[in-house]
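Per the numbering used here, the very first residue in the sequence shown carries number 46; after that it's consecutive.
Scroll down for the structure; my scribbles are underneath it.
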Amino acid sequence: MIKTHLTLAIAVIALLLSSVSNAQAQTSRFYLAGYLGLNTFNDQEFTESASGNNGDFEIDNTMSFAGALGMRLSQQLRIEGELSYRNAEFSTADIAGVGTFSSGGELKSTLLFANMYYDFDVPWSIQPYIGGGLGYGWHSGEINDGSGLMVNASSDHTGIIWNAAAGIKYRPSPDMAFIAGYRYVDAVSDLEIGSYDVDFDTHEFRLGMEWDLPIR
């Protein structure tokens with residue numbers, strides 16, 4: 046019985062050491078990454094200059110897709126260039142002092158980020174990280190008013206955006222990692238959609254994969 050327990054303990058320790066080694070040993074300084082995200086939106090504040098109305102838009106949850114090219118500056122610090130896309134739909138408009146009405150339209154956003162991440166040096170197979178980024182967004186918005194109290198509008202808007210992120214990584218092999226994370230994305234200034242000024246921020250829950258490139 047003691048021999049069996051000892052053998053089992055040795056096997057478990059060997060497995061843990063192997064996992065730690067895989068988690069911390071990368072084969073290259075450069076990597077590609079792909080992400081699939083669920084975007085949830087706070088109520089987005091708006092003002093509309095033609096009617097003088099203000100209030101909040103409710104935007105439906107939507108998926109986002111992203112690809113990135115990264116480079117490790119050290120064992121823990123890495124930088125990443127990322128391009129992502131999401132297409133969200135307006136569902137309701139809560140007009141201050143009037144009420145809530147159905148609203149239509151969509152908001153397409155293409156975001157380009159320069160990100161920096163820090164991977165914590167921990168003795169586990171699952172490795173936490175934190176990060177953030179600054180970038181530029183291209184937005185195409187269309188608002189279809191369902192109340193008859195506001196105007197319809199559509200236009201494009203560009204502007205600076207930023208994000209803050211945290212999550213975990215699991216590396217089953219030296220050249221691949223699975224990623225699960227959260228990040229907050231916010232536009233520095235309101236989006237101008239016709240006569241509307243609309244806030245833009247989203248909570249993004251992401252799953253992804255990271256592949257090391259055969260480049261030293």
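All residues carry an ideal CB built from backbone N, CA and C; glycine is no exception.
- Residue burial annotation: residue 102 is buried, with at least 16 other C-beta atoms found within 10 angstroms of its C-beta.
- The residue among 95, 224 and 234 with its C-alpha nearest the C-alpha of residue 254 is 224.
- When C-beta atoms of the stretch 85 to 103 are compared with those of the stretch 117 to 130, fewer than three pairs fall below 8 Å, so the two segments do not count as touching.
- Inclusion of residue 137 and residue 154 in the CB contact set at 8 Å is not warranted, their separation being larger than that value.
- DSSP assignment within the stretch 91 to 172 yields no whole alpha helix (DSSP H) run of 4 residues or more.
- The C-alpha of residue 237 is placed about 23 Å away from the C-alpha of residue 144.
- Between the alpha carbons of residue 162 and residue 177 lies a distance of about 7 Å.
- DSSP places residue 86 in the strand class (E or B) of the three-state scheme.
- Per the Cβ contact rule, the stretch 197 to 211 is not in contact with the stretch 163 to 170 (fewer than 3 Cβ pairs under 8 Å).
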